[in-house]
Amino acid sequence: MTDEPDETDENKTRKNGLYGGVSAELAANMKEGWADTERRHLQPITQAPHTARRRAALSALFPGELLVIPAGNPKVRSNDTNYPFRPSSDYVYLTGDQSQDAVLVLEPREAGGHQALAYLLPRSDRESGEFWLDYHGELWDGRRNSLTENERLLGLPCRDVRTLPRRLAEASGPVRLLCGYDAEAEAALSDRVTTERNIEFRAALSELRLVKDEFEIEDLRHACRATARGFEDVVAVLGTDTPTPERVVEGTFWMRARIEGNDVGYASVCAAGSHATTLHWVRNDGEARPGDLLLLDAGVESRDLYTADITRTLPVDGRFTPVQRQVYDAVYAAQSAGIAAVGPGAKYRDFHHAAQRVLTEHLAAWGLFGGRSVDEAYELGLFRRWTLAGTGHMLGLDVHDCAKARTELYVDGTLAAGMVLTVEPGLYFQPDDLTVPEEFRGIGVRIEDDILVTEDGNENLSAALPRSADDVEAWMARLRS
Ligand code: GLY
Ligand code: MN
Ligand code: MN
């Protein structure tokens, strides 16, 4: 066949650009000869009973309202290349699904409660050529689950997401939308939702996630175990007599994260020497030299997207110097006091005050507050020059989990069994800080563990990693023997 235009349907379509230079023969050929790959015997994901309970809890908070929770869309990195996709944590929490472009909708039922529907991209269509002519069709990006497969896996009815804008436009009654993830859903509802209502909705979603269920706790345990193995991998590559690039540390940990989990849960801080005094050191372009400390703050994110968040400060050659140990022991004492203050019924702020108070006592004993008493230095917050950050945060699907919860339920709230939080005090003496003894300058130490609040106290989920200076040295020696 020539390229002469004729009036067949195929050529009308081609002139309209659908095939973009593809011959009608190839287009026809690509439609056919594909096996039926529908999987008809799928079991629900392990998380399905939990996600159903989580949706029921959300439903009870907003009777009679349409609730819209998007997973989000891929973000362009450059031109036709996207960043790796990670769905919104609230969508994952309520579905257990990780599809891009998906939206969970809870439609209010007249009889009360809500009908949950997952709006998802179906298999890509072979008839229209979308399967292979679309740059992100399944031929290029990989097979997607069919809607019926997803119904079996997720345990809720699924619909084609391309029908959602019309459905949203037709909906009447009050609506709440999780904003910031899906421009199309926001456009469809632009005249129906108010910022204030959405802020309330976002807070409620965060607050639901404050107390973890059994599935989440088990996943966090797994993330902590995998992270501990990642720290062991790092010790194995740290040179005891030659420098090790921080990038080697970062890459070594990342390999463990990809093997055992989905990814790292946040950019790893691989901070050697005075880099450890920069809290957000993620450039990781220096090198860890024998005699230095290496502050490694890293977490494996599980395949279900729950992340650990652990910090250890390691003597690169395996032995703390006396001054490194002096600072380390102060942070260790502060962290131990912080962990001891975590338990059901304690105020959230208690562990922070317990840890910061111990740090202030050490700083005072070292003469860093001039003639001021511990009480006065604490009252005035003078310790913060060297402690810099708060002592921890909730942990879960997000490293800084539940961040949108109302103050009265989070930082001004009370701890309850099932909450998981980090306890991570530190001391950071900047290399150019003339107010501290010269030997302290350039030392940064943080110890960070992931603590589950239990019925009668707490459990350290990251206890597989040593905390005290002696235990760190013995652990490193064992790994290197
Ligand atoms: N790695 C982030 C944090 O510790 O909060
Ligand atoms: Mn943390
Ligand atoms: Mn951390």
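Residues -2 to 478 (this note's numbering) are what the sequence shown spells out, left to right.
In this text, a Cβ means the ideal position worked out from N, Cα and C, and glycines have one as well.
F348 versus T384 - alpha carbon distance: Distance between the alpha carbons of F348 and T384 is about 14 Å.
Beta-carbon gap between H47 and F212 smaller than 9 Å: Inclusion of H47 and F212 in the CB contact set at 9 Å is warranted, their separation being smaller than that value.
For Y407 and V279, what's the separation of their Cα atoms in angstroms? Spanning the two alpha carbons is a distance of roughly 28 Å.
The alpha helix (DSSP H) that contains I196, what's its start and end? For I196, the enclosing alpha helix (DSSP H) covers residues T192 to L205.
Quick one: is the Cβ of D446 within less than 8 Å of any heavy atom of ligand 3? False, no ligand heavy atom lies under 8 Å from that Cβ.
Between the Cα of T318 and the Cα atoms of G340, R309 and D289, which residue gives the shortest distance? Nearest C-alpha to T318 among G340, R309 and D289: D289.
Three-way DSSP call (helix, strand, coil) for I336 in this model: Three-state result, I336: helix.
Find out if the Cβ-Cβ distance for the pair L276, A386 is shorter than 9 Å. Yes, they are a contact pair.
Can you tell me the Cα-Cα spacing of L136 and W129, whole angstroms? Pairing L136 with W129, the inter-Cα distance amounts to about 5 Å.
State buried or exposed for M(-2), treating a residue as buried only when at least 16 other CB atoms are found within 10 Å of its CB. Because the pLDDT of M(-2) is 33, which lies under 50, any placement of that residue in the model is unreliable, and the question is left without a value.
Keeping to the same chain, check which residues put their C-beta closer than 7 Å to that of N259; ignore five residues upstream and five downstream. So the qualifying residues of the chain are E298, S299, R300 and L302.
Closest residue to D210 among A413, N281 and R438 (Cα-Cα distance): Nearest of A413, N281 and R438 to D210, Cα basis: A413.
heavy atom of ligand 1 below 8 Å from E229 C-beta: E229 Cβ: outside cutoff for every heavy atom of ligand 1.
When DSSP labels each residue in this structure, what does Y303 get in the three-state scheme? Note: Y303 maps to coil in three-state DSSP.
Among residues of its own chain, excluding the 5 on either side of R106, which ones have a beta-carbon nearer than 7 Å to its beta-carbon? If you ignore the 5 residues before and after R106, its C-beta comes within less than 7 Å of the C-beta of Q112, all in its own chain and listed in chain order.
Enumerate, from N- to C-terminal direction, the unbroken alpha helix (DSSP H) stretches of 4 or more residues contained entirely within the stretch 254 to 302. None, since the stretch 254 to 302 contains no complete alpha helix (DSSP H) of that length.
Assuming L441 contacts A268 (C-beta within less than 8 Å), just tell me the rounded distance between them. The residue you asked about is not Leu; residue 441 is Gly in the sequence shown. The pair is a contact, with the Cβ atoms about 7 Å apart (cut-off 8 Å).
heavy atom of ligand 1 below 8 Å from T502 C-beta: The chain is shown from -2 up to 478; residue 502 falls before or after that span and cannot be answered.
Tell me whether D294, by its Cβ, gets closer than 8 Å to a heavy atom of ligand 5. Ligands present in the displayed structure are limited to ligand 1, ligand 2 and ligand 3, and ligand 5 is not among them.
Between which residues of its own chain and V313 is the CB-CB distance below 6 Å, once the five residues before and five after are set aside? Here the set comprises L235, A285, P287, D289 and L291.
Give me the Cα-Cα distance between W251 and S265, rounded to the nearest whole angstrom. Cα-Cα distance, rounded: 8 Å.
Note down, in chain order, each residue of its chain lying with its Cβ closer than 6 Å to the Cβ of V469, except the 5 sequence neighbours on either side. Once the five neighbours on either side are set aside, the close Cβ partners of V469 are P463.
Are the stretch 427 to 435 and the stretch 443 to 458 touching, with three or more C-beta to C-beta distances below 8 Å? Output reads no: the stretch 443 to 458 does not touch the stretch 427 to 435.
Compare the C-alpha of H350 against each of R309, R369 and E376 and name the closest. If we check each option's Cα against that of H350, E376 comes out closest.
So does H350 have its beta carbon nearer than 8 Å to some heavy atom of ligand 2? For H350, the distance from the CB to the nearest heavy atom of ligand 2 is not below 8 Å.
Put I444 into one of helix, strand or coil per three-state DSSP. DSSP places I444 in coil when its eight states are reduced to three.
With 16 other Cβ atoms within 10 Å as the buried cut-off, status of E520: Since the first and last residues shown for the chain are -2 and 478, residue 520 lies out of range.
Helix, strand or coil at A113 according to DSSP, with G and I counted as helix: For A113, the three-state secondary structure derived from DSSP is strand.
Own chain residues within Cβ distance below 7 Å of G454, not counting five before or after: Counting only Cβ-Cβ distances below 7 Å, and skipping sequence neighbours, we find G340.
From G283 to N79, what distance separates their C-alpha atoms? Straight-line measurement puts the Cα of N79 at about 29 Å from the Cα of G283.
Using a 10 Å radius around the Cβ and a threshold of 16 neighbouring Cβ atoms, would you call T357 buried or exposed? T357 sits buried, since 16 or more C-beta atoms from the chains shown fall within 10 Å of its C-beta.
Considering only the alpha carbon of each residue, which of H38, V89, A233 and A68 lies closest to L49? First, the residue type needs correcting, since residue 49 is Ala and not Leu in the sequence shown. The shortest Cα separation from A49 among H38, V89, A233 and A68 belongs to V89.
Check for me: the beta strand (DSSP E) holding C498 runs from which residue to which? There is simply no residue 498 to check, as the chain begins at -2 and stops at 478 in what is shown.
According to DSSP, simplified to helix, strand and coil, what is E148? Under the three-state reduction of DSSP, E148 is assigned to helix.
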